[in-house]
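**Q** For reference, the structure I am asking about is given below.
Number of protein chains: 2
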Amino acid sequence: MGKKLIVQKFGGSSVANVLRIQNAASRIAGCKKKGASIVVVVSALGNTTDKLIELANKINTNPSEREMDMLLSTGEQISVALLAMAIHKLGYEAISFTGAQVGIITDSAHTRARIIRINTDKIKEALKANKIVIVAGFQGVTLDQDITTLGRGGSDLTAVALAKELKADECEIYTDVKGIYTTDPKIEPKAKKIGLITYDEMLEMASLGAQVMQARSIEVAKKFDVPIHVRSSFEKDSGTWIIKEVKNMEEVVVSAVTLNKGESKITVSNVPDRPGIAAKIFNELAAKGVSVDMIVQNVSHLRSTDISFTVNKTEAKKALKVIKKAARNIGAGEILVDTDIARVSIVGVGMKSHPGVAAKMFGVLAKNKINIGMISTSNISISCIVQKKFAEVAVRALHDSFGLAK
Amino acid sequence: MGKKLIVQKFGGSSVANVLRIQNAASRIAGCKKKGASIVVVVSALGNTTDKLIELANKINTNPSEREMDMLLSTGEQISVALLAMAIHKLGYEAISFTGAQVGIITDSAHTRARIIRINTDKIKEALKANKIVIVAGFQGVTLDQDITTLGRGGSDLTAVALAKELKADECEIYTDVKGIYTTDPKIEPKAKKIGLITYDEMLEMASLGAQVMQARSIEVAKKFDVPIHVRSSFEKDSGTWIIKEVKNMEEVVVSAVTLNKGESKITVSNVPDRPGIAAKIFNELAAKGVSVDMIVQNVSHLRSTDISFTVNKTEAKKALKVIKKAARNIGAGEILVDTDIARVSIVGVGMKSHPGVAAKMFGVLAKNKINIGMISTSNISISCIVQKKFAEVAVRALHDSFGLAK
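Residue numbers (the numbering used here), protein chains in the order written: chain F, 1 to 406; chain W, 1 to 406.
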């Protein structure tokens, strides 16, 4: 069409009430006025989804996942209708669609469905008629016409997938923060908004606790090279662009410091040092659906070792039960649980080619008299488990030492 | 299948909160246990629909009807999911469907769509698998996959239409009253529950102000001879059966007394007594979308007449504006508006073959010193407009005189 095509996603906080819906409508109309073709993806209003889950749990503590999707998908349906009405009020043409109506076809894994394909005919037709197209995020439909949802943060995925499918020029993610920060500004007021960041760094940050965007959607954006612009619904300034490669990136060693206080550490001591023992432990956990995060094993004793791992706090009890049984079976020793931990991480594609980054991190923590409980490294991140009470001190010290406040 | 097939409809008050949803689930499960095949139609929880309308009006006082349907249809979708979860909790299999999913195909008259046809394949398949089928009331879908709604009380229509299409043995309408009463028990405590009533009487009562069932759904039930059982969600006793013909009906002259306080009377005086004048007035009203109810014309003066009619109170202002203009054009006289009126009616198929019913009605009102402002009669009803302050007295007197309290 020659026109610029933009996919805009508005999260729950950006449409939490009537005023915010009107604000979102104004932004969309403003963009339309400049001549772009616009497809908007919306989440459920504010905390609607949580409220619906609560209601369902009052009725059935173990609700059918198919019915859960039927229930939760109403949240986004309400949003798209109201946003369309708000845009009409401003004198622009807009039309709303559910995930089923636009043909976001998914598999039948209810509550965590994966998109198989998107039929964009309806959207293209509406765009051709110069309408602003509003699509319910987070939801799809199986080939059998059953309604599905894409899991927490699924609206991000809807937006990125639509941007890919429609070959959009950009995908804007509107949220209640100004963009991606070098660290949480609530912990370190000197935190700076990052102008450009790579998919890989963003993925790493998402998995390390940064909650601005859903990890799966970043994976899809990376795979299909969809440029993402994370920005505030309430400000004109541009936010953070998430893209493939950042020029001059070698100059920036560390891009951000992240913090995750949501994990607990479990240590199994005196694990017999035989092949297959670790597999046994973690197979049991997987079988019970417990996701394990960091795993560290030290050969520290004669013929036995200690294995430590972290799990989401909410799964600690379940994990402990599984592990106690497993420990008995394999003849391991004491089990230690530490809920008083925090994971502090530094992220940056630059560190790959800069030796000594890890050493510097450990040095900064040591200088601040912070003991390191576990260490884990990836290609572009280094994480340390520290005592929870030192978490904020650690974040500020690292943020400062790696020059992120500049 | 040989099994008895029952369509059960639960109105908003029957699923207004968690406890009531559980109560509805118990009733459904109890019926299933007895061996019937069951299709349930549900309305939105309590006053959900009104709340959504309110929300929409805050955003746009003149919302698009397509978007309104998109918005309102979420109410029933929430109900079906929760009800399915509640039934699962009781150990029974159930599956929910939206109007679109079961294929309730309508025209595209948004907010007041008419059902064109119903594809019952999905329902039949689920019934064959011994599942309780739960269908969202009030909604359908156009051939273009746009969501539509059927207008106020539309869930009744969904239930009756499904009962017809599935050739159900009966259609149960669960509500918060015990059935249809000889008159409003709030006005006359001696009012009795009616055991059997004909479609025609029920239709007449609905149009005269009784609000238990939507008139359109009774029309459909009559057309296709679907037996309806209106009953309480909270009691075991049977309620009122609405059927084609009631045996021994000739013994019952009057079945019920109804009251409607929602109308205003407009009188156009000194209307020239020429052909086509009345048509002119009522054409103007129709053109502006004002529904007129009772119309009475008396030839009372030389070459001129008075025309009185009633309209819904909410449309009185609009009607007056139209009428004032029309009166000037046709050279009529003064316009009088009376908002202080009530319509009291007696309904009964028996009155067709019993002369003197009207005379008796007028006599009862006269004996109670109640002046009659307008009179209108149909095949099976007689209505009198009286002063609003006498309405309850009139209802009680008629209820007593026609032996309905016995």
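We put the CB at the ideal spot given by N, CA and C, even for glycine.
Computed from a predicted structure; not experimentally measured.
Please classify Phe224(W): is it buried, with 16 or more other beta-carbons within 10 angstroms of its beta-carbon, or exposed?
**A** That one is exposed.
**Q** Does the segment 186–198 of chain F touch the segment 137–144 of chain F, meaning 3 or more C-beta pairs lie closer than 8 Å?
**A** Cβ pair count under 8 Å is below three, so no.
**Q** Name the DSSP bridge partner or partners of Cys384(F)?
**A** In the DSSP output, where bridge partners are listed per residue, Cys384(F) has Val344(F), Ile375(F).
**Q** Got a sec: is the Cβ-Cβ distance from Gln441(F) to anything in chain W below 8 Å?
**A** Look at the range of chain F in this structure, 1 to 406, and you will see that residue 441(F) is not part of it.
**Q** Shortest alpha-carbon distance to Ile307(W) belongs to which of Ser291(W), Gly289(W), Ser269(W)?
**A** It is Ser269(W) whose Cα lies nearest to the Cα of Ile307(W).
**Q** Check whether the Cβ of Gln139(W) lies closer than 7 Å to any heavy atom of the ligand SAH, and answer yes or no.
**A** Summarising the ligand content, the structure contains no ligands, and the ligand SAH is consequently not present.
**Q** Threshold first: 4 residues or longer. Then list the alpha helix (DSSP H) segments lying entirely within the segment 134–165 of chain W, N to C.
**A** Whole alpha helix (DSSP H) segments, 4+ residues: 154–165.
**Q** Within a Cβ cutoff of 6 Å, which residues of the same chain sit near Lys389(F), ignoring the five residues on either side of it in sequence?
**A** Answer for Lys389(F): no residue qualifies.
**Q** In whole angstroms, what separates the C-alpha of Ala206(W) from that of Gln8(W)?
**A** If you take the alpha carbons of Ala206(W) and Gln8(W), they lie about 20 Å apart.
**Q** Out of Asp69(W), Ile330(W), Ile78(W), Asp338(W), which one is the CA nearest neighbour of Arg112(W)?
**A** Checked all of Asp69(W), Ile330(W), Ile78(W), Asp338(W); the closest Cα to Arg112(W) is Asp69(W).
**Q** Assign Asp484(F) to one of two classes, buried (16 or more other C-beta atoms within 10 Å of its C-beta) or exposed (fewer than that).
**A** Look at the range of chain F in this structure, 1 to 406, and you will see that residue 484(F) is not part of it.
**Q** Run through the DSSP bridge pairs and tell me what Leu336(W) is partnered with.
**A** In the DSSP output, where bridge partners are listed per residue, Leu336(W) has Thr267(W).
**Q** Could you check whether the Cβ of His110(F) sits closer than 8 Å to any Cβ belonging to chain W?
**A** Not one chain W Cβ lies under 8 Å of His110(F).
**Q** Ends of the alpha helix (DSSP H) at Ser26(W)?
**A** Start and end: 18–33.
**Q** So, at 7 Å on beta carbons, what are the nonlocal neighbours of Gln22(F) in its own chain, with the 5 sequence-adjacent residues on each side left out?
**A** The answer, listed in chain order, is Ala86.
**Q** Report the option in Asn62(W), Glu65(W), Ser43(W) whose CA atom is closest to the CA atom of Thr74(W).
**A** Ranking the options by Cα distance to Thr74(W), first place goes to Ser43(W).
**Q** Output the distance between the C-alpha atoms of Leu398(W) and Ile295(W), rounded to the nearest integer angstrom.
**A** Distance between the alpha carbons of Leu398(W) and Ile295(W): 23 Å.
**Q** Which residues, in order along the segment 71–82 of chain W, keep a beta-carbon less than 9 Å from a beta-carbon of chain F?
**A** Listed by position, the residues of the segment 71–82 of chain W near chain F (Cβ gap below 9 Å) are Leu71, Leu72, Ser73, Thr74, Gly75, Gln77, Ile78, Val80, Ala81, Leu82.
**Q** May I have the straight-line CA-CA distance separating Met1(W) from Glu93(F), to the nearest angstrom?
**A** Interpretation of Met1(W) is limited by its pLDDT of 47, a score under 50 that renders its predicted location unreliable; the figure taken from the coordinates is listed afterwards. Taking the straight line joining both Cα atoms gives about 50 Å.
**Q** So is His88(F) buried or exposed if we call it buried at 16+ other beta carbons inside 10 Å?
**A** Result: buried.
**Q** Got a sec: is the Cβ-Cβ distance from Ala206(F) to anything in chain W below 8 Å?
**A** Judged by the 8 Å Cβ criterion, Ala206(F) is not in contact with chain W.
**Q** Kindly indicate which residue of Met361(W), Leu208(W), Lys244(W) has the alpha-carbon position closest to the one of Ala342(W).
**A** For Ala342(W), the nearest C-alpha among the options comes from Leu208(W).
**Q** Am I right that Asp169(W) and Lys4(W) are in contact with their C-beta atoms under 8 Å? What's the rounded C-beta distance?
**A** Going by Cβ atoms, the distance from Asp169(W) to Lys4(W) rounds to 5 Å, so yes, they are a contact pair.
**Q** Is there a Cβ of chain W sitting closer than 8 Å to that of Pro275(F), yes or no?
**A** For Pro275(F), the answer is no, since every Cβ of chain W falls outside 8 Å of its Cβ.
**Q** Since Ser64(W) meets chain F, which of its residues come closer than 8 Å, beta carbon to beta carbon?
**A** The contacting residues are Ala84, Met85, His88.
**Q** I need the DSSP call for Ile71(F), collapsed to helix, strand or coil.
**A** Note on identity: in this sequence residue 71(F) is Leu, with Ile being the wrong assignment. In this structure, Leu71(F) counts as helix in the three-state DSSP scheme.
**Q** Whole angstroms are fine: how far does the CA of Leu71(F) sit from the CA of Pro63(F)?
**A** Rounded to the nearest angstrom, the two C-alpha atoms are 11 Å apart.
**Q** For Asn60(F), return the contacting residues in chain W, with the cut-off set at a CB-CB distance below 8 Å.
**A** The answer, in chain order, is Met85, Ala86, His88, Lys89.
**Q** Relative to the C-alpha of Gly12(F), which residue among Asp121(F), Met213(F), Lys164(F), Glu65(F) is closest?
**A** The residue with the shortest Cα to Cα distance from Gly12(F) is Met213(F).
**Q** Starting from the Cα of Glu245(F), find the closest Cα among Leu143(F), Ala327(F), Val349(F) and give me that residue.
**A** When each option's Cα is compared against that of Glu245(F), the closest is Val349(F).
**Q** Is Ser96(F) close to chain W? Criterion is C-beta to C-beta, closer than 8 Å.
**A** Closer than 8 Å: yes.
**Q** Can you give me the Cβ contacts of Val226(W) inside the same chain, cut-off strictly under 6 Å, excluding the 5 residues immediately before and after it?
**A** Cβ neighbours of Val226(W) beyond the five flanking positions: Val160, Ala163, Lys164, Cys171.
**Q** Could you tell me which chain F residues have their CB closer than 7 Å to the CB of Val18(W), listed as they occur along the chain?
**A** Going along chain F in sequence order, the residues near Val18(W) (Cβ under 7 Å) are Lys58, Ile59.
**Q** Would you say Glu67(F) lies against chain W (beta-carbon separation less than 8 Å)?
**A** Yes, Glu67(F) lies at the interface with chain W (some Cβ there is under 8 Å from its Cβ).
**Q** Counting only the same chain and skipping the five closest in sequence on each side, list residues whose C-beta sits under 8 Å from that of Ala25(F).
**A** So the list reads Leu83, Ala86, Ile87, Lys89, Leu90, once near-sequence residues are dropped.
**Q** Please list, in chain order, the chain F residues whose beta carbon lies closer than 7 Å to that of Asp145(W).
**A** Going by the sequence as given, residue 145(W) is Gln instead of Asp. Within 7 Å Cβ-Cβ: Gln101.
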